[in-house]
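**Student:**
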Amino acid sequence: MTLTETIETTSPFTGRRERRRRETAVTVVLLALTATLFIATMMIGSYWLKPWEVVASLLGIADDPSVDFIVRDLRLPLAASGLAVGLALGTAGIVFQKLLANPLASPDFVGISQGAGVAAVLSIILLHLGAVAVSFAALGGALVAGALIYALAWRGGITGYRFILIGIGVSEFCVALTGYVLARAELFDAREAMTWLVGSIGQTGALQLRILLGALIVLLPTAVVLGRWLSVLELGDDAASALGVRVEVARVSLLAVAIVLVALATAAAGPVSFVALISGPIAIRIVRTGGPVLLPSALIGASLVLGADLIGSHLLPVTLPTGVITGAVGAPYLIWLLATVNREGRGG
Amino acid sequence: MTRETHQLQARDVSFGYGGADIVKHQDVDIPTGRVTAIVGPNGCGKSTLLRGLVRLLKPTSGEVLLDDESIQGLRSVDVAKVIGLLPQNPVAPDGITVADLVGRGRYPHQGWFRQWTSEDDLAVEQALRVTNTTDLADRTIAELSGGQRQRVWIAMTLAQNTDLVLLDEPTTFLDIHHQVELLDLLVDLNRGSARTIVMVLHDLNLACRYADHLIAMKEGVIVGEGAPDEIVTAELVTKVFELECQVVPDPVSRTPMIVPLGRHHR
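From first to last, the protein sequence lines stand for chains G and U. Numbering of the first sequence is given in this note's numbering, commencing with residue 118 and proceeding in unit increments. Numbering of the second sequence is given in this note's numbering, commencing with residue 46 and proceeding in unit increments.
Pasting the structure below:
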């Protein structure tokens, strides 16, 4: 018996096509929003530029050395950093949350960012390293923290619950160590370290930016392709393996991609808080179909970071780093999440 | 995509979760094209056996054979095209609609870069139809009742379009009305398309009614196997469940019916 024989007429429900159309529309709108904020970042400053001047300079179609200097040399690195850091955090956040089946399980809560933080603070205060070396230390710290959590949580497999608890433990350990080192530091070093810890796309160096952009070109498409696994893994391990997914391989690969993205983003800009936590849930609410949200989440991450930088640099009476603005938006969300998540029964 | 018939067996298999084996050196032959129920007291290893048969667990001894080939040597997606499983506690992602959830059952039939095809549409549609959930297609899972939800999960397993369908306690959390409705549906599936059904069931009387073949387990060992009216006796039930009882013919289906003898009714 074949399926085509048993069904003569075609689909009575058109829901799938409508949902796909909605998902595409949301992605396109978010893409436009991200592009707008990206260009706006390069327009606004002590000398305002028109949007087409920015675009023309970026594409190399106009020849105005002073505009080129402002756009390419002064403002593009900042805008590119905001874009890249946001994309990386937005992607990594949703991968963690889906994989560990918990909206609280973002990389800045399970110890990855704190691992980067303790390594950066140690290298600033104890070793007096320069900016490039500090970000490599942060990269190492994040990767070590990720590997440590994974190794400690491993019991012939990984459960989301254990990963989160051990992650929180590692996170607390890193925070305690960071605090101790800060308390013993000279005032000047401590200020420098604190500035790094707040997180700002303004502190991204050219080399770190290039590494992050290079990694994104490879890892963002990889994450989107591996997202196919996510859509089955989120049904639970048993259902996923019964559908033919090799659960451990899938989980290790996805976690590795996400950890590397967070590590590189943190190395570039410091731990810009809450972006990884809130991008995914916002994406899920906007898309609303239960369909794939990786790309929307990445774009929301980029919009959040670029938007936070615009607000922090231009809209307020004092200039504030990106991390302060994202924190101010993210903290109320976290409180709301903590208040509601366990009521839905999936908070673990 | 004609479904072929496949044979599932196990030779001398043991399964465990790292500690002592839960299922100990058992041989199993699942009758092709029939409905099999695995019964036994809590903790007897019936779910473990089921999970092992669909290779969610690696045997600590022996092997599971799919058409005489060791299932461990086959590719995961190839196994998933032949054996489907409805696990005990599947998780529905937030906000997902019924049609989308059922569509995820198509995973083993899709490639990395292959888009959703009309074949997938047909499979989902048929799965919805036979489980009587077509009207729910555009609803979200959160809006459904327990009975509807369970039918949707079965639809997802059916969309996988496998010859063998395994179900781990599919009637748990359902009231008696929905239990009977669900078991009727499974028998329909078996009769209508010759699918082999294997399910873990708690209710012995319903198992006797609906299964062609019964596997009774105790402490990781199969203690009785065969057609319900041939093997279900008061002695077997006493041995398996440590419960004194009488076995009488079910007034409706004529299959064995267990009447427990509690301390107050002897």
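Quick reminder that beta carbons are idealized off the backbone N, C-alpha and C, glycines included.
Could you tell me how far apart the beta carbons of residue 209 of chain G and residue 375 of chain G are, in whole angstroms, since I believe they sit closer than 8 Å?
**Tutor:** Indexing the first sequence from 1 puts residue 209 of chain G at position 92. Indexing the first sequence from 1 puts residue 375 of chain G at position 258. So it is a contact: roughly 4 Å between Cβ atoms.
**Student:** I want to see whether chain G comes within less than 8 Å of residue 129 of chain U, judged by CB atoms only; does it?
**Tutor:** Position 84 of the second sequence, counted from the start, is the residue given in the question as residue 129 of chain U. It does; some Cβ of chain G falls within 8 Å.
**Student:** Ends of the alpha helix (DSSP H) at residue 313 of chain U?
**Tutor:** In this structure chain U extends from 46 to 311, so residue 313 of chain U is not present and cannot be described.
**Student:** Within the same chain, show all residues whose beta-carbon is closer than 6 Å to that of residue 211 of chain U, passing over the 5 residues directly before and after it, in chain order.
**Tutor:** As a working mapping, residue 211 of chain U is identified with position 166 in the second sequence. Within the same chain, residue 211 of chain U has close Cβ partners 95, 99, 130, 243.
**Student:** Give me the Cα-Cα distance between residue 168 of chain U and residue 206 of chain U, rounded to the nearest whole angstrom.
**Tutor:** The residue you call residue 168 of chain U lines up with position 123 of the second sequence. The residue you call residue 206 of chain U lines up with position 161 of the second sequence. Roughly 7 Å separates the two Cα atoms.
**Student:** Going straight from the alpha carbon of residue 164 of chain G to that of residue 368 of chain G, what length do you get?
**Tutor:** Along the first sequence, one-based indexing puts residue 164 of chain G at 47. Along the first sequence, one-based indexing puts residue 368 of chain G at 251. Distance between the alpha carbons of residue 164 of chain G and residue 368 of chain G is about 48 Å.
**Student:** Take residue 141 of chain U and list the residues in its own chain whose beta-carbon comes closer than 7 Å to its own, dropping the five residues that flank it on each side.
**Tutor:** As a first step, residue 141 of chain U is located in the second sequence; it is residue number 96 there, counting from the start. Counting only Cβ-Cβ distances below 7 Å, and skipping sequence neighbours, we find 185, 186.
**Student:** If I follow the unbroken alpha helix (DSSP H) through residue 342 of chain G, where does it start and stop?
**Tutor:** To locate residue 342 of chain G, count along the first sequence from 1; it is residue 225. Segment 323-350, the alpha helix (DSSP H) holding residue 342 of chain G.
**Student:** Would you say residue 152 of chain U reaches chain G, if we count a Cβ-Cβ gap shorter than 8 Å as a contact?
**Tutor:** Within the second sequence, the letter at position 107 stands for residue 152 of chain U. Closer than 8 Å: yes.
**Student:** Hey, does residue 355 of chain G have any beta-carbon neighbour from chain U nearer than 8 Å?
**Tutor:** Within the first sequence, residue 355 of chain G is the residue found at index 238, counting from 1. Judged by the 8 Å Cβ criterion, residue 355 of chain G is in contact with chain U.
**Student:** Give every residue of the same chain whose Cβ lies closer than 8 Å to the Cβ of residue 311 of chain G, excluding the five residues on either side of it in the sequence, and list them in chain order.
**Tutor:** The sequence position of residue 311 of chain G within the first sequence is 194, counting from 1. Counting only Cβ-Cβ distances below 8 Å, and skipping sequence neighbours, we find 299.
**Student:** Less than 8 Å between CB atoms is the rule here; does residue 342 of chain G satisfy it with respect to chain U?
**Tutor:** Counting from 1 along the first sequence, the entry for residue 342 of chain G is found at position 225. Cβ-Cβ to chain U under 8 Å: yes for residue 342 of chain G.
**Student:** With the cut-off set at 8 Å, would you say residue 380 of chain G and residue 204 of chain G are in Cβ contact?
**Tutor:** Within the first sequence, residue 380 of chain G is the residue found at index 263, counting from 1. Within the first sequence, residue 204 of chain G is the residue found at index 87, counting from 1. No, Cβ-Cβ distance for residue 380 of chain G and residue 204 of chain G is not below 8 Å.
**Student:** When you compare each of G:453, G:219, G:383 to residue 249 of chain G by their alpha carbons, which one comes out closest?
**Tutor:** Counting from one through the first sequence, the residue named residue 249 of chain G turns up at place 132. Of the listed residues, the one whose Cα sits closest to residue 249 of chain G is G:383.
**Student:** Verify the CB distance criterion: does residue 160 of chain U have a CB-CB separation below 8 Å to chain G?
**Tutor:** As a working mapping, residue 160 of chain U is identified with position 115 in the second sequence. Taking Cβ atoms only, chain G never reaches closer than 8 Å to residue 160 of chain U, which makes this a no.
**Student:** List the endpoints of the continuous alpha helix (DSSP H) containing residue 279 of chain G.
**Tutor:** Here the question's residue 279 of chain G lines up with position 162 in the first sequence. 277-300 is the span of the alpha helix (DSSP H), which, as asked, contains residue 279 of chain G.
**Student:** Would DSSP call residue 316 of chain G helix, strand or coil?
**Tutor:** Position 199 of the first sequence holds residue 316 of chain G. Here residue 316 of chain G sits in coil by DSSP.
**Student:** What residues are listed by DSSP as bridge partners for residue 258 of chain U?
**Tutor:** Within the second sequence, numbered from 1, the residue matching residue 258 of chain U stands at position 213. BP columns for residue 258 of chain U point to U:81.
**Student:** Return the chain-ordered ranges of every alpha helix (DSSP H) run that is complete within the stretch 124-189 of chain G and spans a minimum of 4 residues.
**Tutor:** Listed in chain order, the complete alpha helix (DSSP H) runs (minimum 4 residues) inside the stretch 124-189 of chain G are 132-160, 168-176, 182-185.
**Student:** Just curious, the beta strand (DSSP E) that residue 107 of chain U is in, first and last residue?
**Tutor:** As a first step, residue 107 of chain U is located in the second sequence; it is residue number 62 there, counting from the start. It spans 106-111 - the beta strand (DSSP E) in which residue 107 of chain U sits, taken as one unbroken run.
**Student:** With a cut-off of 8 Å, do at least 3 Cβ pairs link the stretch 231-249 of chain G to the stretch 301-317 of chain G?
**Tutor:** With a cut-off of 8 Å, the stretch 301-317 of chain G and the stretch 231-249 of chain G count as touching, because enough Cβ pairs lie within range.
**Student:** Give me the chain U residues within the contact set of residue 352 of chain G, using Cβ-Cβ distance strictly less than 7 Å, ordered along the chain.
**Tutor:** For this step, residue 352 of chain G is matched to residue 235 along the first sequence. Result: 135, 136, 149.
**Student:** Measuring straight from C-alpha to C-alpha, what distance separates residue 118 of chain G and residue 389 of chain G?
**Tutor:** Residue 118 of chain G sits at position 1 when you count from the first residue of the first sequence. Residue 389 of chain G sits at position 272 when you count from the first residue of the first sequence. Bear in mind that the predicted position of residue 118 of chain G carries a pLDDT of just 42, short of 50, making it too unreliable to give a figure here.
**Student:** Using the Cα positions of residue 392 of chain G and residue 139 of chain G, report the straight-line distance between them to the nearest angstrom.
**Tutor:** By one-based count along the first sequence, residue 392 of chain G stands at place 275. By one-based count along the first sequence, residue 139 of chain G stands at place 22. Residue 392 of chain G and residue 139 of chain G: Cα-Cα distance of roughly 24 Å.
**Student:** Are the stretch 349-368 of chain G and the stretch 409-429 of chain G touching, with three or more C-beta to C-beta distances below 8 Å?
**Tutor:** No, because fewer than three Cβ pairs between the stretch 349-368 of chain G and the stretch 409-429 of chain G fall closer than 8 Å, the two stretches do not touch.
**Student:** According to DSSP, is residue 213 of chain G part of a helix, a strand, or is it coil?
**Tutor:** Within the first sequence, residue 213 of chain G is the residue found at index 96, counting from 1. Note: residue 213 of chain G maps to helix in three-state DSSP.
**Student:** Taking contact to mean at least 3 C-beta pairs separated by less than 8 Å, is the stretch 250-265 of chain U in contact with the stretch 281-290 of chain U?
**Tutor:** Cβ pair count under 8 Å is three or more, so yes.
**Student:** Does residue 465 of chain G come within less than 8 Å of chain U when only Cβ atoms are used?
**Tutor:** For the purposes of this step, residue 465 of chain G is taken as the residue at position 348 of the first sequence. Low local confidence applies: a pLDDT of 36 at residue 465 of chain G is under 50, so the model's placement there is unreliable, with the coordinate-based value given in what follows. By this cut-off, residue 465 of chain G is not an interface position.
**Student:** Please list the partners that residue 122 of chain U has in chain G, where partner means a Cβ-to-Cβ separation under 8 Å.
**Tutor:** Taking the second sequence and counting its residues from 1, the one referred to as residue 122 of chain U is at position 77. Near residue 122 of chain U (Cβ distances below 8 Å), the residues of chain G are 361.
**Student:** At 9 Å on the CB atoms, spell out the chain U contacts of residue 406 of chain G, in chain order.
**Tutor:** For the purposes of this step, residue 406 of chain G is taken as residue 289 along the first sequence, with counting starting at 1. Simply 140, 141, 142, 145.
**Student:** Is there a Cβ of chain U sitting closer than 8 Å to that of residue 349 of chain G, yes or no?
**Tutor:** Indexing the first sequence from 1 puts residue 349 of chain G at position 232. Answer yes: the Cβ-Cβ gap between residue 349 of chain G and chain U drops below 8 Å somewhere.
**Student:** Would you say residue 281 of chain G lies against chain U (beta-carbon separation less than 8 Å)?
**Tutor:** Along the first sequence, read from residue 1 onward, the residue named residue 281 of chain G stands at position 164. No, residue 281 of chain G lies away from the interface with chain U (no Cβ there is under 8 Å from its Cβ).
**Student:** Rounding to the nearest angstrom, what Cα-Cα distance links residue 278 of chain U and residue 203 of chain U in this structure?
**Tutor:** On the second sequence, residue 278 of chain U is found 233 positions in, with the first residue counted as 1. On the second sequence, residue 203 of chain U is found 158 positions in, with the first residue counted as 1. If I take the Cα positions, the gap works out to 34 Å.
**Student:** On the CB-based measure, 16 or more other CB atoms within 10 Å of its CB, does residue 129 of chain G come out buried or exposed?
**Tutor:** For the purposes of this step, residue 129 of chain G is taken as residue 12 along the first sequence, with counting starting at 1. Confidence at residue 129 of chain G is low in this model, with a pLDDT of 47, below 50, so its placement is unreliable and the value that follows should be read with caution. Exposed, because fewer than 16 other Cβ atoms sit within 10 Å of the Cβ of residue 129 of chain G.
**Student:** What would DSSP say about residue 186 of chain U, mapped onto helix, strand or coil?
**Tutor:** Position 141 of the second sequence, counting from 1, holds the residue named residue 186 of chain U. Of the three classes helix, strand and coil, the one that applies to residue 186 of chain U here is helix, per DSSP.
**Student:** Kindly list, in the order they appear in chain U, the residues whose Cβ is closer than 8 Å to that of residue 201 of chain G.
**Tutor:** Here the question's residue 201 of chain G lines up with position 84 in the first sequence. Simply none; closest approach about 26 Å.
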